[in-house]
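Only one structure is covered here, and it is reproduced in the block below.
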């Protein structure tokens, strides 16, 4: 796969793209095991914890990662199939508000992530360079299919860092992966 160029994605995704070092497919594959293990290492009694009153709980953050991956893969699928229909933004706060993430177990969330990521990797591996370079409008911004792979990998890394630093720091828990 050719390297991602800055004109393939809008600046709003810079933070996520910058988290991806090396082959994006290898990063996505590595996350399959490491993030599943990370989720399962969190004590169940921490699931409803939020570090501030107006912040999501740990389980809500984890499920937000799943929701976002689904949305980004849907966009990648549409654009890779040369569907040029402009795709609307999704409201992440409404997604979280209208789900029952805190009722789930970490085992359930990690299992869902594992199956979701496996399916997405199988899809990504079917795309050729021409399909990866196709562009479309999502949330009012022009983006390539390939950029979505970077956004997915970097978005997960971004939130994993937040989980470790703000939710699962030494004051809250000491034995995490």
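In the numbering used here, the protein residues as written are 11 to 187. Beta carbons: idealized from backbone N, C-alpha and C, even for Gly.
Under the DSSP definition of a beta bridge, which residues are partnered with residue i?
i	result
residue 147	152
residue 97	148
So what's residue i in DSSP terms, helix, strand or just coil?
i	result
residue 87	helix
residue 12	coil
residue 58	coil
residue 170	helix
If you draw a straight line from the C-alpha of residue i to the C-alpha of residue j, how long is it?
i	j	result
residue 102	residue 74	7 Å
residue 41	residue 94	30 Å
Count the other C-beta atoms from every protein chain shown that fall within 10 angstroms of the C-beta of residue i, then say buried if there are 16 or more, exposed otherwise.
i	result
residue 179	exposed
residue 68	buried
residue 171	exposed
Can at least three beta-carbon pairs, one atom from the segment 105 to 115 and one from the segment 168 to 181, be found at a separation below 8 Å?
no
Between the segment 113 to 120 and the segment 47 to 63, are three or more C-beta pairs nearer than 8 Å?
yes
Are three or more beta carbon pairs between the segment 81 to 101 and the segment 14 to 31 nearer than 8 Å?
no
Are there three or more Cβ pairs, one per stretch, closer than 8 Å when the segment 80 to 95 is compared with the segment 131 to 148?
yes
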